[in-house]
Structures are given as structure tokens and as C-alpha cells.
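> Residue numbers (the numbering used here): 201 to 418.
One structure coming up, written as C-alpha cells, with questions to follow.
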């Protein structure tokens, strides 16, 4: 009798146990991810000494980031990642667009606040890589381990500041149809010289005198 009750309880608990196992496995996949992304960053063929790599997912999802180490290597993580083994941190597979910034080693004599980390040195990578919209860096992350070599142009390839921040041309430019014709007519117009002005003035005065005499006679 006791054995039968135990079997019945086990049968009743089995679906519950299976459900808990399924939920736990889903939660693990949701928080851990299924891909490892590592690689190197170079600027004009030289390993980057310092910086940051950020992967933005094509679809909705968390952003993955990772610092660039002094040997040019990086590994991506979501949030804090794997605290005990950072190089084994996982992100999600899928298509990403990257933004990368590389700077010179920090000047240890400078810091934002006393006792704080030193300020970053001058930027070494071109400005276009700082935004995913302009970087042109697209990657397809597969499940498992992925290794990427990110090759960047240096900041010396940046356009001059006046071209980089040139405002968009207004739609109401002087080249609109009709305006050029008006300008052409203005250019063709010649103002009267002094003799012509004197002649016009005398004619107007005579007309005024004639009009006055007519009014008197009336």
C-alpha cells in the first residue's frame, strides 16, 4: 500500500519536475547566450593599444561590448559577462554592426578626479568608426566561437573639419529655377548716366509746369 502511494506521488511530480528543468534550461540560455566573440583590432596595420569595441544587434537584443587590451585583443560580453573567465563570456548569435574607438595609451598623470582612472589619450582611429551608422563594420556571429580581425583606418584619414561638419545645403538655394533668370535680368540692367538723369528731370519739371498753367487757366 505504501509503495503504491509512493509510485502515485512520483507520477504526479514527474510533469512538475520536467517543467522546472525546462524553465531552468530556458533561463540559462536567455542569460548566457550561445556565441563567444574574440579578435584583434589594428589601426593602419598596427595593433591597437587601447579602446572599446561595441556590437549593435541588427534586430532587438542586448548590445555586446568589450575593452581593447594593450596587445590589440578584445572579447565581447553582455553586461558583466563571465566574471571568473571573461574570455569565455557569451553573447547571442546573429548579425551585428560594430562601432570601435581606439586611443593612445592613457596618460597616468591625468585623471578625471583624484584617485580616479587616467584620461584616455588622443584618438587614433578614424571618426567614422565611432558610430554604427557610419562605421561600415558588419559581422555575422555564429553559434560557438567566433574570431574577427577588425582593421581600421587611422584618424589621419579624417576629412578636414569644415567638410566633416559641413551643414546640409538648403533646398532654397540660389540655383532654383527662376532665381537665376532674375539675377540675369538684374545684371543686364544698366542705370542711366548723369546726362540721361538731367534730361528726365527737366522733362518731369516741364510736365509739372504745364499742368500748373492749365490749372490756373481753369
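Glycine residues also receive a C-beta, built at the ideal position from the N, C-alpha and C atoms.
#1: Identify whether residue 338 lies in helix, strand or coil by the three-state DSSP scheme.
#2: What residue range is occupied by the uninterrupted beta strand (DSSP E) comprising residue 298?
#3: Please identify the residue among 330, 346, 344 whose C-alpha is closest to the C-alpha of residue 352.
#4: I need the straight-line Cα distance from residue 243 to residue 350, nearest angstrom please.
#5: Roughly how far, in whole angstroms, is the beta-carbon of residue 327 from the beta-carbon of residue 358, given that I think they are within contact range, below 8 Å?
#6: So, with DSSP's three-state summary, where would you put residue 273?
#7: Using the C-alpha atoms, what's the distance from residue 322 back to residue 304?
#8: So is residue 347 buried or exposed if we call it buried at 16+ other beta carbons inside 10 Å?
#9: Pick helix, strand or coil for residue 284, following the three-state DSSP scheme.
#10: Quick one: residues in its chain with C-beta nearer than 6 Å to the C-beta of residue 273, no 5 flanking neighbours on either side, listed in chain order?
#11: By alpha-carbon positions, which one of 292, 285, 324 ends up nearest to residue 155?
#12: Is the separation between the beta-carbon of residue 294 and that of residue 262 shorter than 8 Å?
#13: Which of the three DSSP states, helix, strand or coil, is assigned to residue 346?
#14: Any idea what DSSP makes of residue 333, helix, strand or coil?
#15: Verify whether the separation of the beta carbon atoms of residue 336 and residue 301 is less than 8 Å.
Let's see:
#1: Along the chain shown, read from residue 1 onward, the residue named residue 338 stands at position 138. Residue state, collapsed to three classes: strand.
#2: On the chain shown, residue 298 is found 98 positions in, with the first residue counted as 1. Start and end: 294–302.
#3: As a working note, residue 352 is residue 152 in the chain shown. Cα-wise, what sits closest to residue 352 is 330.
#4: Within the chain shown, residue 243 is the residue found at index 43, counting from 1. Within the chain shown, residue 350 is the residue found at index 150, counting from 1. Distance between the alpha carbons of residue 243 and residue 350 is about 9 Å.
#5: By 1-based counting over the chain shown, the position of residue 327 is 127. By 1-based counting over the chain shown, the position of residue 358 is 158. Between the beta-carbon of residue 327 and that of residue 358 there is about 5 Å, and that keeps the pair under the 8 Å contact cut.
#6: For the purposes of this step, residue 273 is identified with residue 73 of the chain shown, where counting begins at 1. In the structure shown, the three-state DSSP call for residue 273 is strand.
#7: If you number the chain shown from 1, residue 304 lands on position 104. If you number the chain shown from 1, residue 322 lands on position 122. Approximately 6 Å, taken between the alpha carbons.
#8: By 1-based counting over the chain shown, the position of residue 347 is 147. With fewer than 16 other beta carbons inside 10 angstroms of its own, residue 347 counts as exposed.
#9: Position 84 of the chain shown holds residue 284. Coil at residue 284, not helix or strand.
#10: Locating residue 273 in the chain shown gives position 73, where the first residue counts as 1. Cβ neighbours of residue 273 beyond the five flanking positions: 240.
#11: Not covered by the structure: residue 155. The range shown for the chain is 201 to 418.
#12: Within the chain shown, numbered from 1, the residue matching residue 294 stands at position 94. Within the chain shown, numbered from 1, the residue matching residue 262 stands at position 62. For residue 294 and residue 262, no; Cβs fall outside 8 Å.
#13: One-based indexing of the chain shown puts residue 346 at position 146. In the structure shown, residue 346 adopts extended strand secondary structure according to DSSP, grouped into three states.
#14: By one-based count along the chain shown, residue 333 stands at place 133. Residue 333 falls in the helix class under three-state DSSP.
#15: In the chain shown, the residue the question calls residue 336 occupies position 136. In the chain shown, the residue the question calls residue 301 occupies position 101. Taking C-beta atoms as the reference points, residue 336 and residue 301 fail to come closer than 8 Å.
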